[in-house]
Amino acid sequence: MSVEVGAKYKGKITGITKFGAFVDLGEKQNGLVHISEVSNDYVNDIHDVLSVGDEVTVKVLSISEDGKIALSIRRCLEPKKETTPAKKDAMKKKAPMNKRKKQVDFESLMSDFLKTSEENLSSLRRNTEGKRGGRGGRRS
Numbered sequence: 001m002s003v004e005v006g007a008k009y010k011g012k013i014t015g016i017t018k019f020g021a022f023v024d025l026g027e028k029q030n031g032l033v034h035i036s037e038v039s040n041d042y043v044n045d046i047h048d049v050l051s052v053g054d055e056v057t058v059k060v061l062s063i064s065e066d067g068k069i070a071l072s073i074r075r076c077l078e079p080k081k082e083t084t085p086a087k088k089d090a091m092k093k094k095a096p097m098n099k100r101k102k103q104v105d106f107e108s109l110m111s112d113f114l115k116t117s118e119e120n121l122s123s124l125r126r127n128t129e130g131k132r133g134g135r136g137g138r139r140s
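Using the UniProt record's numbering, the letters of the sequence shown map in sequence onto residues 1 to 140.
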């Protein structure tokens, strides 16, 4: 049996490590399923999902020049169904940000900016000038 990239095969888990699982594809062909390719969900411990002897369907991701076969269980699984369609509908109903706020012209924006900027600077000056050794402080 010749293994081809992109093809799906049935295999048996022959070994498990902390970084993945080795799968026997038959006819002395072995491949590795990396832990990131085991499930659509986050897998902290691969032993929670797989065990030695399990029959799995895998997809061949790549075959390196030295014959190592990269496999994926995750890509054989059906896509995850969306569990909260109501949330998306609620997001669509909200008006865009620019339509919710009243129209503001450049002059009013600039005056607000200058006002808050001046308040921040005066507060900063008040707090630093009276202290010893502060930058820009008065010396007697």
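Think of the CB as a built atom: it goes at the ideal place given N, C-alpha and C, for glycine as much as any other residue.
Bear in mind that the values here come from a model prediction, so they are computed numbers and not experimental data.
1) Could you tell me the distance, in whole angstroms, from the CA atom of residue 39 to the CA atom of residue 2?
2) So residue 37 packs on residue 74, CB below 8 angstroms; how close in whole Å?
3) So is residue 11 buried or exposed if we call it buried at 16+ other beta carbons inside 10 Å?
4) Grab me the residues of residue 15's own chain with a C-beta within less than 6 angstroms of its C-beta, minus the 5 sequence neighbours each way, in chain order.
5) Count the other CB atoms, across all protein chains shown, that sit within 10 Å of the CB of residue 122; report buried if there are 16 or more and exposed otherwise.
6) Measure how close the beta-carbons of residue 60 and residue 69 come, nearest whole angstrom, since I'm counting them as under 8 angstroms.
7) Verify whether the separation of the beta carbon atoms of residue 71 and residue 26 is less than 9 angstroms.
8) In terms of alpha-carbon separation, which member of 24, 110, 107 and 29 lies closest to residue 67?
9) Which of the three DSSP states, helix, strand or coil, is assigned to residue 113?
10) Report buried or exposed for residue 77, applying the criterion of at least 16 other Cβ atoms within 10 angstroms of its Cβ.
On the basis of the data shown:
1) About 26 angstroms.
2) That belief holds up - the Cβ atoms of residue 37 and residue 74 are roughly 5 angstroms apart, short of 8 angstroms.
3) Buried is the label assigned to residue 11, since at least 16 other Cβ atoms lie within 10 Å of its Cβ.
4) If you ignore the 5 residues before and after residue 15, its C-beta comes within less than 6 angstroms of the C-beta of 22, all in its own chain and listed in chain order.
5) With fewer than 16 other Cβ atoms within 10 Å, it is exposed.
6) About 6 angstroms separates the beta carbon of residue 60 from that of residue 69, a gap short enough to meet the 8 angstroms contact definition.
7) Taking the C-beta atoms as reference points, residue 26 is found no nearer than 9 angstroms to residue 71.
8) Of the candidates 24, 110, 107 and 29, the one whose C-alpha sits nearest the C-alpha of residue 67 is 29.
9) If DSSP states are grouped into helix, strand and coil, residue 113 belongs with the helices.
10) Exposed, because fewer than 16 other Cβ atoms sit within 10 Å of the Cβ of residue 77.
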